[in-house]
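Going down the list, the sequences are from chains A and B. Each residue of the first sequence is one higher than the one before, counting from 1 in the numbering used here. Each residue of the second sequence is one higher than the one before, counting from 233 in the numbering used here. Beta carbons: idealized from backbone N, C-alpha and C, even for Gly. Report on the following structure.
Number of protein chains: 2
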Amino acid sequence: MSNSSSAIIILRMEISHDLVRSPAMQRGNYNKRCAIISAATAVFVRDGYVGASIDAIAEEANVSRQTIYNQIGDKERLFVEVVRGINEQGSARLVETLATFPDAPQDIGRELVEFAIRLTRNCLCDEGSRALRKLIENEGSRYPELFETWKDYGPGKNWPAISARFARLAHDGDIELDDPDLAARQFMALIRADLPNEPGATVSDAELEQAARNGVRTFLRAYGKRDAALAL
Amino acid sequence: MSNSSSAIIILRMEISHDLVRSPAMQRGNYNKRCAIISAATAVFVRDGYVGASIDAIAEEANVSRQTIYNQIGDKERLFVEVVRGINEQGSARLVETLATFPDAPQDIGRELVEFAIRLTRNCLCDEGSRALRKLIENEGSRYPELFETWKDYGPGKNWPAISARFARLAHDGDIELDDPDLAARQFMALIRADLPNEPGATVSDAELEQAARNGVRTFLRAYGKRDAALAL
DNA sequence: GACGAATTGGACAAGAGTGTCCAAAACTCA
DNA sequence: TGAGTTTTGGACACTCTTGTCCAATTCGTC
């Protein structure tokens, strides 16, 4: 990845390569490959790019170091593979969660709170997202390509989908807003505002529900019709 | 810092030590020491703890490597010193900015927007805060003491001061809220929601003002009296 | 069981970083 | 100028990491 433009090409090639099922995945070494990438994810997340050693990854994967070089290649290639994996998982989870957005709410307050809880649990609090964010933030300056890929394949891709949901709510008269994109950003910010932002902190269900309720209440005070926020 | 409890003791000793002016600062090597810590800050922020090399720091400080070992000690000691420095600066800036909170506003909307702009510029957008956050996030798992110190000396210390300002606004009848702490957290989240959250992004004055206006407008829609948000 | 492919573990060279030691040079202050 | 301190740069031992090579072993499949 010493060359800035070559790495992103490699990354994209890998993605399409994967869609047609790489030969490596059809044969028996698929499990080993999986174990390696999974272990690499854990170690990269824990120690960062520089701090992660191939030996540590090999040990975590219960695999010889040579196998890593056989299966994937060098450290950069491994890193790219890890980022791609986290990206795909996170993106899938976001799409999945977004499908449960309350499109035609009976009780908009309650349903938005429940959606916020799901969103936080699946996409914001989850380890993968935090980890990717951290990796991108750390190595992004050294490998700007990762940053680009993050914007293309990461959570950013799905933001328009979120704001579209709010636009629909507004169109149906459930809320009142002029800028759905802004509303979506503020919704995310508000339900995140009340969560502990320390890296390793675990959030109990009760805390999570309280945070979601607080965020949605303020959101509906600002954008809801009539007394939508009062019941919360 | 191999021992968990010893490091924080060292850190705290250094702080009190500094208040009575360490002998090192009284003599001529004060400038060198400053240059070293300043350079170390830059390099640690750029490359992280593991990625930063003493040689790179020495070069950045225009100082021989041996001088670093003479003046400060080993790498861990240097790191602690850097975190302390960023902490103190950030804390001071926050207190300073907080002093300009509109206590008796004529035009609450405009004055809150202006305060939000100052807060963002001085404390949220600023390089030191982002850098410290990043360092803490990265090395926090390896050095839990840093995390503790961050909570004690970092921005968290001043949150009660922020919510006290909002409580006063509410008491004076300028806004309506029941939980000042919650309101303060949401205020911060809202004015942050509209900023680009990429690490190295620069924010223009226009973007900053727009973001502040958007955040304050929603805040006042939720918590303001009468039509306080309309003018924005 | 036998063949081919994958895996293992150990050895290896090359490079980089840490921390120490030391003698020469530069600086400070009287 | 001179004594005492600081700084410098180079040499050094030590450790860790990366990536390659290779022979022995294991595994999958026929």
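For this session: Go ahead and pull the three-state DSSP assignment for ILE304/B.
Result: Three-state result, ILE304/B: coil.
For this session: Buried or exposed for SER237/B, please, with buried defined as at least 16 other CB atoms from any protein chain shown within 10 angstroms of its CB.
Result: Residue placement at SER237/B is flagged as unreliable, the pLDDT there being 31, under the threshold of 50; a coordinate-derived value is accordingly withheld.
Exercise. Which same chain residues, not among the five before or five after ILE57/A, have their C-beta less than 6 Å away from its C-beta?
Worked result: ALA39, ALA40 and VAL43
For this session: Give the interface partners of THR450/B over in chain A, defined as CB-CB distance under 7 Å, in chain order.
Result: GLN186 and ALA222
Exercise. Near LEU409/B, what residues of its chain come up, given a Cβ to Cβ distance below 6 Å and the 5 sequence neighbours on each side ignored?
Worked result: Around LEU409/B: ALA402, ALA415 and TYR455.
Problem set entry | Any chain B beta carbon closer than 9 Å to GLY128/A | Closer than 9 Å to the CB of GLY128/A there is not a single CB belonging to chain B.
Problem set entry | Unbroken alpha helix (DSSP H) run spanning ILE368/B, endpoints | Counting along the chain, ILE368/B sits inside the alpha helix (DSSP H) bounded by residues 359-371.
Exercise. Among residues of its own chain, excluding the 5 on either side of PRO339/B, which ones have a beta-carbon nearer than 7 Å to its beta-carbon?
Worked result: Residue identity check: residue 339/B is Asp in the sequence provided, not Pro. For ASP339/B, there are no CB contacts under 7 Å within the same chain when 5 residues up- and downstream are skipped.
For this session: Identify, in the order they occur along the chain, each residue of the same chain with its Cβ nearer than 6 Å to the Cβ of LEU464/B, setting aside the five sequence neighbours on each side.
Result: GLY341, ARG445 and ARG449
Exercise. Under the three-state reduction of DSSP, which class applies to GLY322/B: helix, strand or coil?
Worked result: Residue state, collapsed to three classes: helix.
Exercise. Does the beta carbon of GLY109/A sit closer than 9 Å to a beta carbon anywhere in chain B?
Worked result: Chain B contact via Cβ: absent.
Exercise. VAL282/B to ARG168/A, Cα distance in whole Å?
Worked result: 48 Å
For this session: Could you tell me the distance, in whole angstroms, from the CA atom of VAL80/A to the CA atom of GLY73/A?
Result: Across the structure, VAL80/A and GLY73/A are spaced so that their CA atoms are roughly 11 Å apart.
Exercise. Can ILE286/B and ARG278/B be called in contact, C-beta distance under 9 Å?
Worked result: no
Exercise. Using a Cβ cut-off of 9 Å, which residues of the region 278-291 of chain B contact any Cβ in chain A, in chain order?
Worked result: From the region 278-291 of chain B, only ARG278, ASP279, GLY280, TYR281, VAL282 and GLY283 have a Cβ closer than 9 Å to chain A.
For this session: Pull up the distance between the alpha-carbon of ARG362/B and that of GLU369/B, whole angstroms please.
Result: 10 Å
Problem set entry | Spatial distance of SER163/A from ASP181/A (CA atoms) | 5 Å
For this session: Would you mind sorting ASP172/A into buried or exposed? The rule is 16 or more other CB atoms within 10 Å of its CB.
Result: exposed
For this session: Excluding the 5 residues preceding and the 5 following LYS225/A in the sequence, name in chain order all residues of the same chain whose CB lies nearer than 8 Å to its CB.
Result: Hits under 8 Å: GLY173, ASP174, ILE175 and GLU176.
Exercise. Is ILE318/B closer than 9 Å to ALA293/B when the C-beta atoms are compared?
Worked result: no
For this session: Please list the partners that ALA421/B has in chain A, where partner means a Cβ-to-Cβ separation under 7 Å.
Result: ALA189, LEU190, ARG192 and ALA193
For this session: Can you tell me the Cβ-Cβ gap for THR97/A and CYS123/A, rounded? I've got them flagged as a contact below 8 Å.
Result: Indeed, because the Cβ distance is near 6 Å, the residues count as touching under 8 Å.
Problem set entry | Contacts around PHE471/B, its chain only, beta-carbon distance under 6 Å, and the 5 residues preceding and following it disregarded | With chain B covering 233 to 464 only, the question about residue 471/B has no answer from this structure.
Problem set entry | LEU195/A to LYS75/A span [Cα, whole Å] | Their Cα atoms are separated by approximately 35 Å.
Exercise. Does any CB atom of chain A fall closer than 9 Å to the CB of SER373/B?
Worked result: yes
Exercise. Where DSSP assigns a beta bridge to ILE175/A, which residues make up the other side?
Worked result: DSSP output for ILE175/A lists GLY224/A as bridge partner(s).
For this session: Specify the secondary structure class of VAL312/B as computed by DSSP and reduced to three states.
Result: helix
Exercise. Is the shortest distance between the beta-carbon of ASP209/A and the beta-carbons of chain B less than 9 Å?
Worked result: The amino acid at residue 209/A is misidentified as Asp; the sequence shows Glu. Answer no: the Cβ-Cβ gap between GLU209/A and chain B never drops below 9 Å.
Exercise. Measuring CA to CA, which of CYS266/B, LYS264/B and ALA284/B is closest to LEU367/B?
Worked result: ALA284/B
Problem set entry | Separation of PHE187/A from ARG221/A, as counted between CA atoms | 12 Å
Exercise. Is the CB of ASN370/B under 9 Å away from at least one CB in chain A?
Worked result: Cβ-Cβ to chain A under 9 Å: yes for ASN370/B.
Problem set entry | Within-9 Å CB hit, GLY405/B to chain A | Cβ-Cβ to chain A under 9 Å: no for GLY405/B.
Exercise. CA-CA distance, ALA104/A and ALA324/B?
Worked result: 49 Å
For this session: Please check if any C-beta of chain B sits within less than 9 Å of the C-beta of LYS134/A.
Result: yes
Exercise. Smallest Cα separation from GLU88/A: which of THR67/A, GLY140/A, GLY128/A and ASP205/A?
Worked result: GLY128/A
Problem set entry | alpha helix (DSSP H) segment containing ARG192/A, residue limits | 180-193
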